[in-house]
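Enquirer: Residue 0 is where the sequence shown starts when you use numbering that gives the first Met the number 0, and the numbers rise one by one after that.
Glycine included, each C-beta is placed from N, C-alpha and C at the ideal position.
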Amino acid sequence: MNVNPQFLAATAHVDEAAIQPLPNSRKVYVEGSRPDIRVPMREISQADTPTAPFDSEKAAGERNPPIYVYDCSGPYTDPAAKIDIRQGLPALRQKWIEERGDTELLSGLSSEYGRAREHDPKLAELRFNLKRQPRKARAGMNVSQMHYAKKGIITPEMEFVAIRENLRRQEYLENLRQSGPQGERLAKLLGRQHPGQHFGAAIPEEITPEFVRSEVARGRAIMTANINPPETEPIIIGRNFLVKFNANIGNSALGSSIAEEVDKMTWAIRWGGDTVMD
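Printed below as a string of structure tokens:
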């Protein structure tokens with residue numbers, strides 16, 4: 000079979016412009032209670048605030064600490080990461096899943112449709128190098144984050160999203176207080192909560208792993224943390240958490256190629272897409 004080269008898996012690549020470092024910022028990882036909980040964020044540096052006229056001989060500046068913003072771009076904006084679309088992403092949550100001991104690996108695909116496509120030689124050139132065995136729950140086990148939450152279990156995924164939702168807010172306010180009188184005033188301003196109508200929302204000053212667990216257990220929030228695939232970064236969606244964006248990248252039955260779809264995905268997550276669908 001002669002496959003159009005644009006549809007080959009071998010043509011998959013990342014647009015270099017989509018993985019270039021963003022200006023005046025750097026990708027950082029905030030560690031949790033264990034070394035393998037590393038939560039990505041973007042640290043944005045700020046210029047000093049002038050405290051004297053620029054033309055003054057005693058011109059000085061008040062230091063402004065860096066601010067941290069949500070970063071859902073994965074390894075694509077990490078200068079230390081080696082990006083190879085054909086090899087797939089690291090299995091970020093594999094160890095967490097295995098530690099719970101309530102899942103097992105399948106020997107292969109279990110659906111008749113999946114097995115038929117797996118053994119179809121016409122699709123060989125479209126396949127990527129990465130081949131992970133699918134995972135399933137052991138007999139009688141429930142492996143959802145809601146199940147763990149209702150059992151009172153705080154999972155690494157819950158700690159991950161708690162750190163992510165906080166965005167180092169408390170550290171930022173403390174750095175502001177230490178920067179000088181102006182910073183102390185700003186910390187008071189930024190640290191206050193508006194006394195208006197809450198309409199049932201109950202957002203604490205700090206998001207803790209226990210708060211995440213309780214919101215999931217009550218059915219007020221959901222987490223994207225299924226056992227398949229293990230490479231996804233956990234996020235949480237609910238009224239008491241940050242707003243999330245779904246990027247619908249779409250595809251054309253007439254003109255889409257693997258390379259074009261990869262480009263759309265990497266640009267979507269670079270500009271803030273938390274979840275991506277086609």
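(1) Based on the DSSP output, what are the partners of residue 140 in its beta bridges?
(2) Return the residue from the list 71, 48 and 19 that minimises the CA-CA distance to residue 245.
(3) In three-state DSSP terms, what is residue 215?
(4) Taking residue 96 as part of the beta strand (DSSP E), name the residues at either end of that continuous run.
(5) Which first and last residues belong to the beta strand (DSSP E) in which residue 24 is found?
(6) Once the 5 residues before and after residue 136 are set aside, which same chain residues still bring their CB inside 7 angstroms of it?
(7) Evaluate residue 158 with the Cβ neighbour count: other Cβ atoms within 10 Å of its Cβ, from every protein chain shown; 16 or more gives buried, anything less gives exposed.
(8) From residue 257 to residue 225, what does the alpha carbon distance come to, in whole angstroms?
(9) Go through its chain and collect everything with a Cβ distance to residue 233's Cβ below 7 angstroms, but skip five positions before and after it.
(10) Please name the residue in 241, 66, 179 and 167 whose C-alpha comes closest to that of residue 200.
(11) Under three-state DSSP, which class holds residue 262?
(12) Can you find the residues in the same chain that come closer than 8 angstroms, C-beta to C-beta, to residue 162, ignoring five residues on each side of it along the sequence?
(13) Please name the residue in 145, 276 and 267 whose C-alpha comes closest to that of residue 16.
(14) By the DSSP assignment, the alpha helix (DSSP H) with residue 172 in it spans what residues?
(15) Helix, strand or coil: which one does DSSP assign to residue 122?
(16) Cα-Cα, which of 41, 182, 170 and 153 is closest to residue 27?
(17) Going by DSSP, what residues sit across from residue 37 in a beta bridge?
(18) Under the DSSP definition of a beta bridge, which residues are partnered with residue 237?
(19) Given a cut-off of 8 angstroms, decide if residue 183 and residue 176 are closer than it, judged by their beta-carbon atoms.
(20) Kindly give me the distance between the Cβ atoms of residue 277 and residue 248, rounded to whole angstroms, as I take these residues to be in contact under 8 angstroms.
(21) DSSP three-state call for residue 102: helix, strand or coil?
(22) Select from 170, 25, 93 and 106 the residue whose C-alpha is nearest the C-alpha of residue 79.
Expert: Reading off the structure:
(1) Paired residues: none, contrary to the question.
(2) The shortest C-alpha separation from residue 245 is found at 71.
(3) Helix, per DSSP.
(4) Residue 96 -> not in any beta strand (DSSP E); alpha helix (DSSP H) instead, spanning 93–98.
(5) 24–30
(6) 101, 102 and 142
(7) buried
(8) Between residue 257 and residue 225, the C-alpha separation is close to 25 angstroms.
(9) 156, 159, 160, 222, 223 and 224
(10) 241
(11) Here residue 262 carries a helix assignment [DSSP, helix/strand/coil].
(12) 29, 31, 36 and 38
(13) 267
(14) 168–178 is the span of the alpha helix (DSSP H), which, as asked, contains residue 172.
(15) In the displayed model, residue 122 falls within a helix according to three-state DSSP.
(16) 41
(17) 30
(18) 220
(19) By the CB criterion at 8 angstroms, residue 176 and residue 183 fall inside the cutoff.
(20) 5 angstroms
(21) strand
(22) 25
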